[in-house]
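Undergrad: Mind looking over this structure? Questions follow.
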Amino acid sequence: MSIESQLAEHQGYLLRFARLQLRNDAWAEDAVSETMLAALSKPQSFGNKSQLKTWLVGILKHKVIDILRQRQREVALNDDEGDGSDELDALMFQADGHFAARPSDWGNPEQELNSRQFFAVLETCAERLPAAMGRVFLMREWLELPSEEICKELQLTPTNLYVQLHRARLRLRECLEINWFGNRAAS
Amino acid sequence: MILRRTCKEVAALLVAREDAALPAVERLALRLHLAACEACPIFERQLLTMRNALQRWRNYTDE
């Protein structure tokens, strides 16, 4: 198989992650095109498909970070952005600080953690985070950037960063509880 | 009591712990609360599951 067609097989996957991280379709397409060009300019042969993919994801991450840097002003976080976090707290807890509804037992989801459906739900839940919060969360969880670097790139204070990550984790938990574990318990 | 925390406060500490180490007094307050509460340990396990899931998702290459 030609290198071009091998690369094409991974395009959809790369685009999904670029979109999730950048929250902008045009930027995401740029990042993926540049990744493909970089891969074509120094083609390497890989024993199997997943090695090629790992290599491409590595290149993509660098391209994505470049774009976040170039677009720094546009991705900088607006502190006043209403994101409904107080509403989530009010839903989760009673006035006296007790849980409104006890968190459900997710069981031992090792099995689910391997399933494609589970990752699809996880991605959908990540997509539903507000754009700015989603970028911060993915910088941490997908790009695996250190806190100091995220703060620098997004011009955030450490406190702000933790607030954003905190809200993102709460929302993700809520979304998984409802859309994955909740459904499973009901069925 | 200085070490007493509500479930809401404990949930916030558990989420914060995902991204930064907690001060010693909060770690102690957390342990005391978790030992006596039924709901919060479930919440704690959920966060652990999420952490594992995100790690696998990040390295998920088998499509």
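Chains A and B supply the protein sequences, listed in that same order. With my numbering, letter number 4 in the first sequence gets 4, and the count goes up by one each step, no holes. To convert, count from 1 in the second sequence and add 1000; that's my numbering. Glycine included, every Cβ here is placed at the ideal spot set by N, Cα and C.
(1) Decide if S187 of chain A is buried, meaning its Cβ has at least 16 other Cβ atoms within 10 Å, or exposed.
(2) With a 10 Å radius around its C-beta and 16 neighbouring C-beta atoms as the bar for buried, classify H10 of chain A as buried or exposed.
(3) Comparing C-alpha positions only, which one of A:I178, A:I3, A:S41 and A:L91 sits nearest to A100 of chain A?
(4) Per DSSP, which one or two residues make a beta bridge with F99 of chain A?
(5) Compare the beta carbon distance of E141 of chain A and L1054 of chain B with 7 Å and say whether it is the shorter of the two.
(6) Nearest by alpha-carbon distance to P109 of chain A: which of B:Y1060, B:L1032 and B:M1050 is it?
(7) Please identify the residue among A:R23, A:E148, A:I65 and A:R102 whose C-alpha is closest to the C-alpha of E127 of chain A.
(8) Since F99 of chain A meets chain B, which of its residues come closer than 7 Å, beta carbon to beta carbon?
(9) Return the first residue and the last residue of the alpha helix (DSSP H) that N24 of chain A is part of.
(10) So for T1006 of chain B, helix, strand or coil by DSSP?
(11) Measure how close the beta-carbons of D89 of chain A and I1042 of chain B come, nearest whole angstrom, since I'm counting them as under 8 Å.
(12) Look up D1019 of chain B in the DSSP assignment and say whether it is helix, strand or coil.
(13) So what's A8 of chain A in DSSP terms, helix, strand or just coil?
(14) Please look up how many angstroms separate the CB atoms of A168 of chain A and V136 of chain A, rounded, as I've assumed it's under 8 Å.
(15) Round the Cβ separation of A76 of chain A and L154 of chain A to the nearest angstrom and send it over; I've been treating them as touching at under 8 Å.
(16) Do E34 of chain A and K63 of chain A have their C-beta atoms closer together than 7 Å?
(17) Output, in chain order, the set of chain B residues within a Cβ distance shorter than 9 Å of H166 of chain A.
(18) Which bits of chain A does L1034 of chain B rub up against, with CB to CB less than 9 Å?
(19) How about F93 of chain A: is its C-beta nearer than 7 Å to some C-beta of chain B?
(20) Along the region 131-161 of chain A, where does the CB come closer than 9 Å to a CB of chain B? Name the residues.
(21) In the DSSP assignment, find the unbroken alpha helix (DSSP H) run with D66 of chain A in it and report its ends.
(22) From what residue to what residue does the alpha helix (DSSP H) around W106 of chain A run?
(23) Can you tell me which of the three DSSP states N160 of chain A falls into?
TA: The structure says:
(1) Taking the first residue of the first sequence as 1, we reach residue 187 of chain A at position 187. Per-residue confidence for S187 of chain A stands at a pLDDT of 48, beneath the threshold of 50, marking its modelled position as unreliable; no derived number is given.
(2) For the purposes of this step, residue 10 of chain A is taken as residue 10 along the first sequence, with counting starting at 1. Residue environment analysis places H10 of chain A among the buried positions, since at least 16 neighbouring C-beta atoms fall within 10 angstroms of its C-beta.
(3) Position 100 of the first sequence, counted from the start, is the residue given in the question as residue 100 of chain A. The option with the nearest alpha carbon to A100 of chain A is A:L91.
(4) Position 99 of the first sequence, counting from 1, holds the residue named residue 99 of chain A. BP columns for F99 of chain A point to A:F93.
(5) Position 141 of the first sequence, counted from the start, is the residue given in the question as residue 141 of chain A. Position 54 of the second sequence, counted from the start, is the residue given in the question as residue 1054 of chain B. Yes.
(6) On the first sequence, position 109 is the one that residue 109 of chain A refers to. The shortest C-alpha separation from P109 of chain A is found at B:M1050.
(7) Within the first sequence, residue 127 of chain A is the residue found at index 127, counting from 1. Distance check between E127 of chain A and each of A:R23, A:E148, A:I65 and A:R102 places A:R23 closest, using alpha-carbon atoms only.
(8) In the first sequence, the residue the question calls residue 99 of chain A occupies position 99. Correct list: C1007 and A1039.
(9) Against the first sequence, residue 24 of chain A aligns to sequence position 24. Neither: N24 of chain A is in no alpha helix (DSSP H) and is coded neither H nor E.
(10) As a first step, residue 1006 of chain B is located in the second sequence; it is residue number 6 there, counting from the start. Here T1006 of chain B sits in coil by DSSP.
(11) Here the question's residue 89 of chain A lines up with position 89 in the first sequence. Here the question's residue 1042 of chain B lines up with position 42 in the second sequence. Contact flag wrong, Cβ pair sits at about 18 Å.
(12) Indexing the second sequence from 1 puts residue 1019 of chain B at position 19. Coil.
(13) Against the first sequence, residue 8 of chain A aligns to sequence position 8. Helix, per DSSP.
(14) Taking the first residue of the first sequence as 1, we reach residue 168 of chain A at position 168. Taking the first residue of the first sequence as 1, we reach residue 136 of chain A at position 136. Contact between A168 of chain A and V136 of chain A holds, with the beta-carbon distance rounding to 7 Å and staying under 8 Å.
(15) The residue labelled residue 76 of chain A in the question sits at position 76 within the first sequence. The residue labelled residue 154 of chain A in the question sits at position 154 within the first sequence. Between A76 of chain A and L154 of chain A, the beta carbon gap of about 6 Å places them in contact (Cβ cut-off 8 Å).
(16) Locating residue 34 of chain A in the first sequence gives position 34, counting from the first residue. Locating residue 63 of chain A in the first sequence gives position 63, counting from the first residue. Their beta carbons are under 7 Å apart, which means E34 of chain A touches K63 of chain A by this criterion.
(17) As a first step, residue 166 of chain A is located in the first sequence; it is residue number 166 there, counting from the start. For H166 of chain A, the chain B residues whose C-beta falls within less than 9 Å of its own C-beta are A1012, V1015, A1016, E1018 and D1019, listed in chain order.
(18) Counting from one through the second sequence, the residue named residue 1034 of chain B turns up at place 34. Chain A residues near L1034 of chain B: none, gap ~13 Å exceeds 9 Å.
(19) Taking the first residue of the first sequence as 1, we reach residue 93 of chain A at position 93. The beta-carbon of F93 of chain A is placed less than 7 Å from the nearest beta-carbon of chain B.
(20) Residues of the region 131-161 of chain A with a Cβ closer than 9 Å to any Cβ of chain B, in chain order: R140, E141, W142, E144, S147, P158 and L161.
(21) Here the question's residue 66 of chain A lines up with position 66 in the first sequence. K49 to Q70 is the span of the alpha helix (DSSP H), which, as asked, contains D66 of chain A.
(22) Indexing the first sequence from 1 puts residue 106 of chain A at position 106. Counting along the chain, W106 of chain A sits inside no alpha helix (DSSP H), nor does DSSP assign it H or E at all.
(23) The residue you call residue 160 of chain A lines up with position 160 of the first sequence. In the structure shown, the three-state DSSP call for N160 of chain A is helix.
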